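> Take a look at the following structure, please.
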Ligand SMILES: Nc1nc2c(ncn2[C@@H]2O[C@H](COP(=O)(O)OP(=O)(O)O)[C@@H](O)[C@H]2O)c(=O)[nH]1
Ligand SMILES: [Mg+2]
């Protein structure tokens with residue numbers, strides 16, 4: 353998960369306080385009198401403010417990450433009060449940043465006071481400072497916990513790359529989506545699941561003309577009407593609309609899948625609208641570049657699978673995954689629909 357791969361384990365408040373105070377005690381034992389108290393203060397304050405700052409700097413700037421990752425973070429990191437994940441994360445990060453700076457300010461304030469004190473008073477002043485450090489860490493206890501949970505959730509996401517071409521596979525249940533993905537990718541080795549409660553996203557890879565394409569299968573997500581999706585699922589779909597360079601919509605005219613063809617096409621039309629809307633907003637977001645993409649929605653390629661059973665429907669192509677019929681031609685068509693041009697060093 354490129355945007356989040358730099359995330360380190362987030363320490364808990366209690367852990368940080370224990371670590372800071374025990375190192376401080378050790379530092380204090382090496383000296384005596386006022387100097388010992390000052391050394392304890394500086395050691396504890398530095399450990400706390402550095403560790404808190406490190407928590408903050410490990411996170412990407414959410415305004416700068418690809419909207420795919422932002423929407424995914426929204427989906428994965430839910431706030432109990434329904435605050436979208438990224439907004440909640442931003443809030444937690446700003447609290448932790450505040451705590452780091454606050455500790456730094458107290459360090460300066462108390463260092464001055466300790467230096468002006470006799471050894472006995474210095475000890476009391478240093479203890480006061482430690483109590484205030486502990487209070488600050490108490491205040492951000494929940495923020496650190498939430499960031500830790502978010503980090504765990506984001507870390508388990510499979511490696512989907514927003515900057516590599518992606519084909520998203522959709523269509524009613526049992527039309528043959530997973531069969532297709534398994535047939536054309538080394539899906540068994542390469543897939544990973546997203547931990548959404550009711551749905552998964554699986555990604556397989558294939559290579560054409562030395563370009564790697566991601567094939568994204570979404571059991572339980574892009575196989576039913578939008579009205580049946582919950583909040584997290586809508587968020588996940590939104591992420592996919594940013595990711596997709598083309599949509600493969602699989603239909604089954606045989607009736608084997610159990611969904612009437614009208615329902616299958618209604619789903620396709622709904623998805624086409626959703627993916628077109630996202631493309632338009634992505635294009636509006638982009639200040640420069642990608643100019644030739646602005647008026648092109650995400651192409652939706654409709655493919656009738658199970659052609660060994662029935663071809664009685666209008667589609668862009670027909671194939672049978674189980675019979676291995678026309679599968680390569682469908683892939684060619686998808687690659688063409690993606691229209692990915694790798695950036696060449698000498699291109700204008
Ligand atoms: N006859 C026939 N059956 C197929 C074909 N492709 C897939 N199937 C079968 O359709 C069923 C559902 O396939 P699956 O890939 O799980 O569908 P998904 O729910 O869309 O992922 C499985 O029993 C497959 O073996 C095909 O081209 N012809
Ligand atoms: Mg499937």
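Numbering (this note's numbering), first residue to last: 353 to 700.
No residue lacks a Cβ here, since even glycine has one placed at the ideal position from N, Cα and C.
Please read these numbers as outputs of a predicted model, since none were measured by experiment.
Between residue 652 and chain C, is there a C-beta pair that is closer than 7 Å?
Within the model displayed, chain C is absent; a lone protein chain is all it includes.
> Just mark residue 389 as buried or exposed, buried being the case when its beta carbon has 16 or more other beta carbons within 10 Å.
buried
> Taking all protein chains shown into account, do 16 or more other C-beta atoms lie within 10 angstroms of the C-beta of residue 459, making it buried, or fewer, making it exposed?
buried
> Residue 538: buried (16+ other C-beta within 10 angstroms of its C-beta) or exposed?
exposed
> Let me make sure I understand the geometry here. Which of 697, 455, 393, 565 has the alpha-carbon closest to that of residue 517?
565
> Helix, strand or coil for residue 335, going by three-state DSSP, please let me know.
This structure gives no information on residue 335, because the portion of the chain shown stretches from 353 to 700.
> Helix, strand or coil: how does DSSP classify residue 426 here?
Here residue 426 sits in helix by DSSP.
> Examine ligand 2 and report whether any of its heavy atoms sits within less than 6 Å of the Cβ of residue 658.
At a threshold of 6 Å, residue 658 does not count as near ligand 2, since its beta carbon sits no closer than that to any of the ligand's heavy atoms.
> Answer yes or no: do residue 622 and residue 578 have a C-beta to C-beta separation smaller than 7 Å?
yes
> I need the boundaries of the alpha helix (DSSP H) containing residue 488, first residue and last residue.
471-491
> From residue 639 to residue 378, what distance separates their C-alpha atoms?
With a pLDDT of 47 at residue 639, under the threshold of 50, the modelled position of this residue cannot be trusted, and the question is left open.
> What does DSSP give as the partner residues of residue 554 in its beta bridges?
By DSSP's assignment, residue 554 forms a beta bridge with 569.
> Determine the closest residue to residue 298 out of 370, 608, 362, 419, with distance taken between C-alpha atoms.
No statement about residue 298 is possible, as the shown extent of the chain runs from 353 to 700 and does not include it.
> Under a three-way DSSP split, which group does residue 560 fall into?
strand
> Write down the C-beta distance between residue 528 and residue 657 rounded to the nearest angstrom, noting that I regard them as a contact closer than 8 Å.
4 Å
> Take residue 555 as the anchor and find which of 583, 509, 562, 423 has the nearest alpha-carbon.
509
> Considering Cα atoms alone, identify which of 438, 400, 395 is closest to residue 415.
Per the Cα distances, 438.
> Using DSSP with H/G/I as helix, E/B as strand and the rest coil, what is residue 537?
Coil at residue 537, not helix or strand.
> Evaluate residue 447 with the Cβ neighbour count: other Cβ atoms within 10 Å of its Cβ, from every protein chain shown; 16 or more gives buried, anything less gives exposed.
Classification of residue 447: buried, given that the 10 Å Cβ count is 16 or more.
> Assuming residue 455 and residue 497 are in contact, meaning their beta carbons sit under 8 Å apart, how far apart are those beta carbons, in whole angstroms?
Rounded, the Cβ-Cβ distance is 19 Å, inconsistent with contact.
> Is any non-hydrogen atom of ligand 2 found closer than 6 Å to the C-beta of residue 530, if you look at the structure I gave you?
True, at least one ligand heavy atom lies under 6 Å from that Cβ.
> Which stretch, first to last residue, makes up the alpha helix (DSSP H) that contains residue 592?
Segment 583-595, the alpha helix (DSSP H) holding residue 592.
> What does DSSP give as the partner residues of residue 687 in its beta bridges?
Beta-bridge pairing links residue 687 to no other residue.
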